[in-house]
Structure formats: structure tokens, C-alpha cells
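Numbering (this note's numbering), first residue to last: 1 to 132.
Every residue gets a Cβ at the ideal spot worked out from N, C-alpha and C, and that includes glycine.
This report refers to the structure that appears directly beneath it.
Written out as C-alpha cells, the structure is:
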């Protein structure tokens, strides 16, 4: 198992999205944007999803942040999960891991935890060992 964690002030996401109208499309898939736009305060939900993307990036030990390659699915009344694409999916496959995430937010803060578990036996993932 390996873990990644990220926290973000919701206001920072609101401000960034307001200042740069194209930012939402660069960071989030259409499904993620649709999910958030159906909520009373979309930036809370986008901030939590952004944190999940960062947490997955950290857990996988990636050097490059590729936000649209990590798609957060579900939420609300359904289970939250991630769908990995491109090099992010290739990294998870090379490590032989599954990725689970947990999201949270309050009015002011959003956060997420990503946990990697080996597909074969659920044991700890040693990123240094597998990178060789």
C-alpha cells in the first residue's frame, strides 16, 4: 500500500476558475465538470476532485501532473472512484496496483486521499523498487 494526500482551500479554486475561464477544461473532464455544475457550489466539488488528482499523482510517484489523465467518477450518493488514462494508467499497471480515493470538503477546505494496493496480494507498494 502507498498513500497520497492533498488539501486545497475552496476559495483558491473559485478564484482560479474565475480568473482563467479555460482552466476548468484543462483540469477536469466533461463528466467531472457536469457533476460539479449540478451542485450548489461547484468549486467545492472541483476542489475535492483536484485534490484527488494530486493525491493519485503523489501516491503513484509521478513527476508530471496530468490532471485529465486521472478522472474522478461518482460522488454524492454513489461510490467515488478514479479512472486512469494514458501514462498514469501505464504507471499503475507497471506497479501492479489499484487506486482507491476518498474525497471530503467543507465550506472552506477540500481534501482527498489516494491509496494504492497491489492487485496480486494487497501488500505495500515500494515505488523505489518498482521504478527500476
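Residue i to residue j span [Cα, whole Å]
i	j	result
residue 32	residue 51	13 angstroms
residue 99	residue 21	30 angstroms
residue 102	residue 111	8 angstroms
residue 107	residue 93	36 angstroms
residue 118	residue 62	17 angstroms
residue 105	residue 46	10 angstroms
residue 19	residue 13	10 angstroms
residue 83	residue 29	11 angstroms
residue 79	residue 121	23 angstroms
Residue i, buried or exposed, once every other Cβ within 10 Å from all chains shown has been counted against 16
i	result
residue 54	buried
residue 57	buried
residue 10	buried
residue 64	exposed
residue 77	exposed
residue 91	buried
Three-state class that DSSP yields for residue i in the structure shown
i	result
residue 31	helix
residue 112	strand
residue 91	helix
residue 68	helix
residue 104	strand
residue 17	helix
residue 10	helix
residue 99	strand
Within 7 angstroms, strictly: CB atoms of residue i and residue j
i	j	result
residue 75	residue 81	no
residue 97	residue 70	no
residue 59	residue 3	yes
residue 16	residue 8	no
residue 95	residue 67	no
residue 133	residue 72	Since the first residue of the chain shown is 1 and the last is 132, residue 133 is not available in this structure.
residue 5	residue 113	yes
Closer than 7 angstroms to chain C by CB, residue i
i	result
residue 99	Any reference to chain C falls outside this structure, which holds one protein chain only.
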